[in-house]
Structure formats: structure tokens, C-alpha cells
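The block underneath contains the structure these notes are about, expressed in C-alpha cells.
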Amino acid sequence: MTDASPVHPEPHFDTVLVVDFGAQYAQLIARRVREAHVYSEIVPHTITAEEIIARRPAGVILSGGPASVHVDGAPRLDPAVYDSGVPILGICYGAQLVALQLGGEVSKLDRGEYGKTELTVADQGGVLFGTDQPRDQIVWMSHFDSITRAPAGFDVVATTSHVPAAAFEDAGRKIHAVQFHPEVVHTPHGQEILKRFLYEACGCRPTWTMTSIIETSVEAIREQVGTGRAICGLSGGVDSAVAAALVHKAIGHQLTCVFVDTGLMRQGEGEQVVETFKRNFGIELIHVRAADRFFERLAGVVDPEEKRKTIGELFIRVFEDAQGGIEDARFLVQGTLYPDVIESGTKDAAKIKSHHNVGGLPDDMEFELVEPLRSLFKDEVRKVGEELGLPEEIVWRQPFPGPGLGVRIIGEVTPERVAILQHADAIVREEIKKAELERDIWQAFAVLPDIRSVGVMGDERTYAHPIIIRAVTSEDAMTADWARLPYDLLERMSNRIINEVDGVNRVAYDITSKPPGTIEWE
Ligand code: XMP
């Protein structure tokens, strides 16, 4: 379940609460609201009217949900919310709740309605549609029950052939409802409808902008840290990079970054971190060159879980040694994002792989956490990074596992094998970049398995390693599909890897989606 406690430390911004009825749409709604420059937070449907009022929101949006309102135990909204005077927008399941809880009628359809549907807007489009929007428009539906009668006192402002009350509202009470999904891209005027709710019904000001996000974060960090010292583990990834840049903007030299070079980074990555943070930003940076220690510890380790554990534990030891030089640091900066906060209560207990986050908090270290990205979605973090002047390669960097190339080398991790993989991986990424596919692909990288195969190069028989190319598309890494890369691109990668990387004589492409595969190989 999502946590009801506020994420943003202070109500600097008009806030819209998105009540989560269990569909995957709540996050999407929250993001769309923010795209309209209004701050939003997700709260669980068990939230009481009292708790909602205490947060003084500008509006409340009720999300869709997988349940039928007629099922026993189907989630409900605390009915007192309807009398609170806070503007409400019910979407899909949320709209059915509004209908049902306020005395309208929700009936079962013979069959559900899914996909694109023609919506007819009433002449007077009301608050949600106004008079500018087209009277006939396409909307996206996904529901089984249908709202057959709006509650007394409500005006029906749009209908479809299946749903007599596809949009209805009581402008006086500021309660609005739509059976369709305005938050999805398949509803072309959806964002305008959301904006009308936010600006007209809730009276929100569009103040959630990059500049104001940065300003308020800087203030909050200064207030939290005061004259204290903070440390931040840099991994080269976008989250820790943006967190560090933001904290540096707030407290300057009171921040020291620690960058542990495990020897398991991608080609050129370590240099880029040092260049960006030390030279360009002038951030105090402790650069720990620990590759030898990692290789020594990894000698003979082939089991994937043991490898992850070994890398994770040694990382913490090395990090601890480094922070010994800044003993007075009381604050630890972490790049926790809003989706992590939302999901931390809902994470499936089943451990598929033990995840190790670079800069992860060891149990026995006593720090107060500074988490300046706690209220941000990934796309917002990237925008903040761009605004702060971080280079594009860092801001748009693909996700990279904490244990680094260690989990992309099957079998023993040695300096020689890392060098082969780094080289092949650089070619894969370079070709993806040249093909301008970087932003369409979630991750693209090379894997080095522990087998060899026979080949022929020139007139010589070879017996060398293959490289496996892995490229996936994904929304959130929970599921993924193998990317349909053009054949000529695969051919270029294959030719270059075989010709340029010593010790490789064959290239294969991984065509496994997740599930059943995982994105990484270990
Ligand atoms: P899998 O392989 O589980 O990966 O499908 C899902 C996503 O998580 C990344 N990944 C990690 N990220 N620490 C991290 O911070 C880790 O230990 C780790 N292992 C995998 C992976 O790259 C993919 O994006």
C-alpha cells in the first residue's frame, strides 16, 4: 500500500492528491498533473477525510482501479470527503464511486468497453470541457460496469453509446467525474480536460516548474543540513549525480562526494564522473581507486549471488574507509526517487536477485539521510539535471546495476575479461547512439559468457569468446521486451566487435523478454 505521509516537506506548492484505487494508472495521473505544473502526490484509498483535509490539498483525483464497485469489499472513498469542499475528479473506477456513493446508478454491462470510443460532449461542456473543445472526440475506455444515471444535482456533460453518463459534474460542489481515462495518450484531449479541472475547478497555479523545484529543494536542504557536513556516494548514474549536484548547489563545500572506482564500470565512466564533478562543478571528490581490491576478492567467485554479495560488501567497506577521512559528516545524500517511496510498501517479498545500490546505506552507519529527489519522478530528475548543467551523457544514462559489469560477466571476473567486455559494450552503445535509438531503448549492453567456440578468421582456426548483445525496451524494468533492432545495425555491431575486440570471434543477440528472462544475465 502507498504511504499516506507527505513526501514534500512543506506545502510550497498547490497540491493535488491522487487517491490510489489499485490500478497502475495512479502514477500516470500524478505525472500528468505535474506536467501541468501542479504538484501531486499519491495517497492510499484508506485515507480518511480528516487526513485529506489536514493536507489542505487544492484538489483530489480518484484513480481507476481493477475492482468492480459491486464486489464485496470493493474499496470506497471516505464519504465525508464529498462534503469537505475540496474539488474532486473521479476517473473510471473513481467516477463509478462518485456515482454510487452520491446516489446515482452503476450497472453491469453485458460486456466491457475497452479501447478507443467516440465521446459526445454536451453543448454546454461544463467545467471539464468548456466550449472550445470538439463536441465529438475520441477517448480511451477500460471498464466493465457502466454509469447509467448520474446522482441528483449533477449535469451530464458527455455521453458515449454505451455510457449514458460518461462525464458528469456538480459545478457548485466542485465534484466531477469521467468514465474514460484522460491521463492516457490515447485520449487526445485528455490533458486539456485535466488542466481544466486543475486550473478552473481547483484554482491551481502552475508553479511546479524546474526553477521552483530547484529553489525549494535548495532551501529545504540548507534548512536540514545547516552548517553540518554531508557525504554522497556517486555511482555515475543519473540519480546520485542529480542529488549531488542539487546538494552542492545548496551547501557547496559542506558536501564531499565519494566515488568508488570498482574497476567494474563501463568504459570511460570513471573519468567522466571525476571530470564532471571535480573539474566542472568544483565538488570535493574523494576518488577511491579500488579495482585491485575488487579483483582480488572476486578471484574464483562464479556463483551469481555470491558475486553480488561480495561486490556489495566490499563496496561498503571501501566506502567506510573513504568516509573515515570526513568523520564529522552527519548527513548522507541518497538519490531515492518518488516511485521508490511509493513502492517501498508494496515491494514483492520474493527476492529474485539481491539488489545492491552503490552508495547504499550500511546497517551500522549512523547518518541522517538527505533525499532531495524523494518527491520526483525519473523524468523530472532528468529535467532538474539538465537545468543544473549536468552533461547529457549523465542525465540520459541508461540504468546500470550496482555490481556493474560483474553481473554481465558469466563466471570469474578478471581484469582481462572486464577489458574485453568494456570494449564490446562501448561499441554496442556507440552504435545505438549513432542510430539515434538511445532514448527509445531502455538498456543496450554486452554480456560475456564463460564459453568459447570455434571460428575461422583469415585462414586461421580460432577458439575464442562470444559476446552477447542485450537490448531491451521497457517502461519501468519490471517487464521488458527485447528490442527489434534493425538488422543492419546488428550487423555493424557484430562486425565491429569481431574486428576490434581481441579474443572475440562470435556475436549473438539475446531475444528473451522479461519475464521469463531478467534484463541482466546474473
Ligand atoms: P533485472 O536483471 O532484475 O534488472 O531484470 C532490472 C533492472 O535493475 C537493474 N539492476 C540493478 N540496479 N542494483 C541496481 O541499482 C542492482 O544490483 C541491480 N541489478 C539489476 C538492471 O540493470 C535493470 O535496469
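Start counting the sequence shown at -2; every next residue gets the next number (this note's numbering). Where a beta carbon is used, it is the ideal one built from N, C-alpha and C, also for glycine.
Residue(s) in a DSSP beta bridge with residue i
i: Glu38; result: Leu14
i: Asp478; result: Thr470
i: Gly19; result: None, per the DSSP bridge assignment.
i: Leu521; result: Nothing in the structure corresponds to residue 521, since the chain is present only between -2 and 519.
i: Gln134; result: Leu116
i: His284; result: Phe256
i: Lys511; result: Ala477
i: Asp152; result: Glu166
i: Gly452; result: Thr459
i: His173; result: Leu86 and Glu166
i: Tyr79; result: Answer is none; Tyr79 lacks a bridge partner.
i: Tyr111; result: Ser139
i: Cys229; result: Cys254 and Val330
i: Ile144; result: Val103
Span of the beta strand (DSSP E) around residue i
i: Pro463; result: Glu457 to Thr470
i: Gln440; result: Gln440 to Val444
i: Ile88; result: Ile85 to Ile88
i: Val501; result: Val501 to Tyr506
Nearest to residue i (by Cα), restricted to the options the options
i: Gly70; options: Ile88, Val83 and Thr43; result: Thr43
i: Tyr111; options: Val118, Ala96 and Cys89; result: Cys89
i: Gly87; options: Ala77, Val215, Glu413 and Phe165; result: Phe165
i: Leu334; options: Val378, Trp205 and Gly386; result: Val378
i: Tyr506; options: Pro483, Val57, Gly500 and Glu519; result: Pro483
i: Leu487; options: Ser60, Val425 and Pro54; result: Val425
i: Asp236; options: Trp393, Pro185 and Asp107; result: Trp393
i: Glu220; options: Val244, Ala441 and Val270; result: Val244
i: Lys306; options: Ala23, Glu519, Ile144 and Thr206; result: Glu519
i: Leu99; options: Ile172, Val410, Leu195 and Ile210; result: Ile172
i: Leu25; options: Asn492, Val153 and Val182; result: Val182
i: Thr145; options: His159, Leu387, Met475 and Glu38; result: His159
i: Asp129; options: Gly56, Glu189, Thr509 and Ser139; result: Glu189
i: Thr459; options: Arg503, Glu428, Ile429 and Pro512; result: Arg503
i: Pro336; options: Ile135, Ala474 and Met138; result: Ala474
i: Asn277; options: Gly123, Ala421 and Ala242; result: Ala242
i: Ile465; options: Met454, Arg108 and Met490; result: Met490
i: Glu32; options: Met207, Thr184 and Leu74; result: Met207
i: Val239; options: Asp499, Val285, Phe274 and Pro463; result: Phe274
i: Val257; options: Thr224, Gly279, Phe312 and Ile280; result: Phe312
i: Glu47; options: Leu74, Leu295, Val444 and Phe194; result: Leu74
i: Pro179; options: Ser60, Cys201 and Thr259; result: Ser60
i: Thr470; options: Gly455, Pro463 and Phe442; result: Phe442
i: Leu434; options: Val136, Val415, Gly260 and Ala480; result: Ala480
i: Arg530; options: Asp133, Ile407, Ile218 and Leu106; result: Residue 530 lies beyond the range of the chain shown here (-2 to 519); nothing can be said about it.
The alpha helix (DSSP H) enclosing residue i, as first and last residue numbers
i: Ser209; result: Met207 to Val222
i: Arg314; result: Pro301 to Gln320
i: Val124; result: Gly123 to Phe126
i: Gly225; result: That residue, Gly225, is in no alpha helix (DSSP H); it is neither H nor E in DSSP.
i: Ile190; result: Gly187 to Arg193
i: Ser491; result: Tyr484 to Glu497
i: Ile339; result: Tyr335 to Glu340
Cutoff 7 Å: residue i Cβ touching any chain D Cβ
i: Arg394; result: Considering every chain present, this structure includes no chain D. It has just one protein chain.
Return the chain-ordered ranges of every beta strand (DSSP E) run that is complete within the stretch 231 to 281 and spans a minimum of 3 residues. 252 to 258
Where in the stretch 384 to 430 do unbroken runs of the alpha helix (DSSP H), each at least 4 residues long, occur, reported from the N-terminal end onward? 389 to 392
Unbroken alpha helix (DSSP H) runs of length 4 or more, entirely within the stretch 24 to 76: which are they? Runs found: 46 to 51.
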